[in-house]
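Numbering (my numbering), first residue to last: 51 to 325. Just so it is clear, CB atoms sit at the ideal spot from N, CA and C, and this is done for glycine as well.
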């Protein structure tokens, strides 16, 4: 059960920022914080930019005036690819009430800015009517998926929608003609690699490409990860420690999984990108 969630409505002066991520021109984060509470989340560093003293995943700041601010900003920007989002989930549960992301999409559509969405939530299906109005190849929807095992998902992503809902959403979006992709990340040592082929088999007919990234433990998330591994997968703890703290071991393991994924994608004529 999730601890009490603190939801605050805040005003922002800016909502769209230049992106430092290759291939993305801008980024929009409609919320600060994320109620999915993923144990491994790299975005927990964002807490230092807030007034919150609680754990990452226990608060949401809703940028209540975000769509209005965006409308003004877009008139001053050259057109480019916008990411929704990089340090929050634009379709976390609070979006069902506030609809900030939906309003942002409508503004991007009006100003003809292409958009790349990344989420863990099937709530994105609510906005199919808007997504289908974008020009061909001007809109894509990605889902973060790194396992098919709902027990693993529950341990690491305790308040996120099920893997099954994400896969079903991919199928629906793909059928509707919307470009889809999967963010296969973070790679969980042993837990992801042991079921890699079944995962790729499950998604291959419903996505246009896959983006892969390793686990990032440079953002203060190791203690929470270690607690989960110690409790749920004690026999794997030494392997995780080596993978996370030995640069040589980490690179070797990531090289192996890159090769497996690359080989799979070559056999299936499928595009893959590695971070």
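Assuming the contact rule is C-beta atoms closer than 8 Å, residue 211 and residue 170 should be a hit. Round their C-beta distance to whole Å, please.
6 Å
By DSSP, does residue 240 sit in helix, in strand, or in coil?
coil
For residue 248, is the classification buried or exposed, using 16 other Cβ atoms within 10 angstroms of its Cβ as the cut-off for buried?
exposed
Out of curiosity, what's the CA-to-CA distance linking residue 179 and residue 154?
14 Å
Could you say if the segment 225 to 240 and the segment 286 to 303 meet the contact criterion of at least three C-beta pairs nearer than 8 Å?
yes
Chain-order list of residues whose beta-carbon lies under 6 Å from that of residue 229 (same chain, five-residue window excluded):
190 and 258
Quick one: using the 10 Å Cβ neighbour count with 16 as the cut-off for buried, is residue 296 buried or exposed?
exposed
Along the beta strand (DSSP E) that carries residue 128, what are the first and last residues, could you check?
No beta strand (DSSP E) holds residue 128; DSSP gives it neither H nor E.
What residues in its chain sit with their C-beta under 7 Å from that of residue 79, if we drop five residues either side in the sequence?
135, 136, 137 and 138
What residue does the beta strand (DSSP E) around residue 111 start on, and which one ends it?
109 to 113
Skipping 5 residues on each side, what residues in its chain have a beta carbon closer than 6 Å to that of residue 316?
none
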